[in-house]
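Presented below is the structure to which this report refers.
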Amino acid sequence: MLHRYILLIVAMVVIMGSFGSARLARTTNMISTITANTVNRLRRQCDCTEADLFSHNKQIAACREAIVIDVIDSLINELFDDRISRLERIAFAVTYVGDIYCNLTSVPEGVTHAWPLANLSFMGNLSVIGGNLLLQDNDVLTNLAGLQNLFSIGGDLSLQNNDALVNLTGLKSLASIGGKLTLVDNSALVSLAALKNLTQATYILVTENDALSSLAGLESLSSTGSLNIWANDALTSFTSLRNLTAVEGYLSIHVSPNEPAKVIQSMVLSLCQNNDALSSLRGLDTLTEIGFLRIEHHALLANLSGLDQLTSIKSRLVIDNNTALTSLAGLDSLTTVSDLIITRNSALTTLAGLNNLAVINGYFSLENNNALLSLAGLDKLTATSSYVSIKFHEKLANLTGLDHLTHVGGTFSIANNAALASVAGLSSLAVIDGGLSIEYNDALTSFAGLHGLTSINGNLKVEFNDGLTSIIGFDSLTSLNNLRIFDNIALTSLVGFDNVTVIYGYFQLQENNALPNLVGLDSLVSITGYVMIADNDALTSLVGLNNLTSVGSYLKISGHPKLTSVANLGNLATVTGMLFNFTPLFLSKIVKTNSRASNFN
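Residues -22 to -1, 1 to 579 in mature numbering (1 follows the signal peptide of the UniProt record, and there is no 0) are what the sequence shown spells out, letter by letter.
Now the structure itself:
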């Protein structure tokens, strides 16, 4: 009804004076466009309700009536071109400064929109907005004077792309935002001081405000569901967050890879991104609990002091690519975390600071920290609920620091640690729920230190460890799922598997060119999957497989120029799959076979 009413008024006024003129042909589309924008202006300037023009709320109706009269008065006695031009300016209100006052103190319904406007004086009596207030794309709005009585917003407050907005003066009474506070791309904004009484907001996003140097104004904020502050180039400090004690979401510290230095960013608590001068987390000293903490891409941050009271991270802790970070000091109170990711911190030498962390309720990823010398600092860690990955460390010589780790809830991967000479430090490890993968550790000579390991519920892979000479360390294992030993060029013995009686899956032994025999597998009776023993250049004998009686799938032995006999397979009675490279004499010993044979070589 509102749209039809305005359409009729605009059409009558505009068309007057256009009869007999060529201008009439373009009048219809212009009327439609201007009418729609006039209706929008009625809604947003009269406190943004969805009420009808003829609302039972007399104040809303009076406000809208005043705007309609203003539109009509602006058109009377104008020439046609001036009439269209003036109507466009009023309908779109790009630079409109009106004297219309809605005396409402509360807008309980609907969504509040106000854009683009030069001032907010018409909202001067408002104290409560039940929905959202959106102020955006205002090129001439310099402050929020007019909102001085606003105490509560039930929905969101969004200030976006207001190039002239210098401060938030006008919000001095605002204490509560039921939804999000969004301050985005206000290039002239220098101060949040007017938010000094704000105690509640479900989510706060402050981003791409190039002139903002301080968070002063957020001192009254003690908790939030999300705090996301990033890409504010002049921001150097978080001291105004000193009263923040709880965040239901996460805290993240991050910068764009293309821009040096520091950031604190987060999703459900996100504190900062692309703030190139940040060197300290001071100001977060009272924070005790968050959902997600991300500390990423810092060029100046040397430690994590400022997080000293933090005891719990409900979700993930990510410490990534902080080139000046040498220590995790500051996390000393942390006892609980879900996932822990520490990667690409090129100056980090120790994990000291995690001294009170006992359980990781998710996965633990430690990768590409090239200065890391030891795992000291994880001394209280007893278990993880998911996988553990320790990879790509140039100076890590042993795993001392994991001495109390008893249980890994997923796969355990130890790979590409060039200086790792020993797995000492894993003596308490008893159970791995997933697989164990040990690869590309060129200084590793044996697995001494794993003698307490009784169960691997996934694959055991030992691959590309150029210095490995012995498997010693697996003495407590009695069974395996799948076993792959591949391309360990110095390996001379399989002694260490002495108590393994069954492999529930496949057995691959390939390209271990110094291995002369299979001594160490003497207790092995059954392999439920396939067997592939191939291309072990020094292999002269299958001694070690003397007690093997059953292979559940195919058996392939090939590519051994020095192997002349398979006599040690004399007890093998059952092969369910295919046989390769055996003589008819050997095949005659197989009781049950479903095989295809080729010549032994």
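By construction, the Cβ of each residue, glycine as well, lies at the ideal position given by its N, Cα and C atoms.
Distance check between His429 and each of Leu374, Leu152, Leu407 places Leu407 closest, using alpha-carbon atoms only. Runs of the beta strand (DSSP E) lying entirely within the stretch 532 to 557 and spanning at least 3 residues, in chain order: 533 to 536.
Between Leu398 and Ala426, the C-beta spacing is not below 7 Å. Considering only Thr160, Gly331, Asn339, Asn477, the residue with the shortest C-alpha distance to Asp317 is Asn339.
Inside the stretch 134 to 170, DSSP marks whole beta strand (DSSP E) runs of 3 or more residues at positions 135 to 138, 154 to 162, from first to last along the chain.
Counted as a single uninterrupted DSSP element, the stretch harbouring Phe270 is not any beta strand (DSSP E), since DSSP gives it neither H nor E. Nearest in C-alpha terms to Asp444, of all of Leu119, Thr327, Ala468, is Ala468. Between Val184 and Asn210, the beta carbon gap of about 6 Å places them in contact (Cβ cut-off 8 Å). Here DSSP, grouped into helix, strand and coil, assigns Thr217 to helix. Ala375 and Ile297 have their C-alpha atoms roughly 22 Å apart.
Residue pairing by DSSP places Met510 opposite Gln486, Lys534 in a beta bridge.
The shortest C-alpha to C-alpha distance from Leu190 to any of Asp163, Ile449, Leu176 is the one to Asp163. Non-local C-beta neighbours of Asn300 in its own chain, meaning closer than 6 Å and more than five positions away in sequence, comprise His276, Leu279, Asn323, ordered along the chain. Per DSSP, the beta-bridge partners of Gln178 are Ser154.
Under the three-state reduction of DSSP output, Ala172 falls in the helix class. Cα atoms of Lys158 and Leu282: separation of roughly 28 Å, rounded to the nearest angstrom. In this structure, the beta-carbon distance from Ala179 to Ile155 falls below 7 Å. Distance from Ile416 to Ile392 at the Cβ level is roughly 5 Å; contact confirmed, criterion being Cβ atoms closer than 8 Å.
CA-CA distance, Ala194 to Leu95, rounds to 27 Å. By the criterion of a C-beta distance shorter than 6 Å, Ser218 is surrounded in its chain by Leu193, Ala194, Leu196, Glu197, once the five residues flanking it on both sides are discounted.
Taking Val503 as the centre and dropping the five residues before and after it, the same chain places the C-beta of Thr479, Asn525, Thr527 closer than 6 Å to its C-beta, in chain order. The beta-carbon distance between Leu309 and Gly331, rounded to whole angstroms, is 5 Å. This is short enough to meet the 8 Å contact definition. Excluding its 5 nearest sequence neighbours in each direction, Leu135 has C-beta neighbours in its own chain below 6 Å: Leu111, Ile155, Leu159, listed in chain order.
Here the alpha carbons of Asn437 and Leu199 stand approximately 50 Å from one another. In this structure, Leu351 sits away from His371, with a CB-CB distance that is not shorter than 7 Å.
Of all alpha-carbon atoms in Ile535, Thr328, Gly108, the one lying nearest the alpha-carbon of Asn347 is that of Thr328. Taking a 10 Å sphere around the C-beta of Lys540, we find fewer than 16 other C-beta atoms and assign the residue as exposed. CA-to-CA, the gap between Leu113 and Leu146 works out to about 12 Å. Per DSSP, reduced to three states, the secondary structure at Ser433 is strand.
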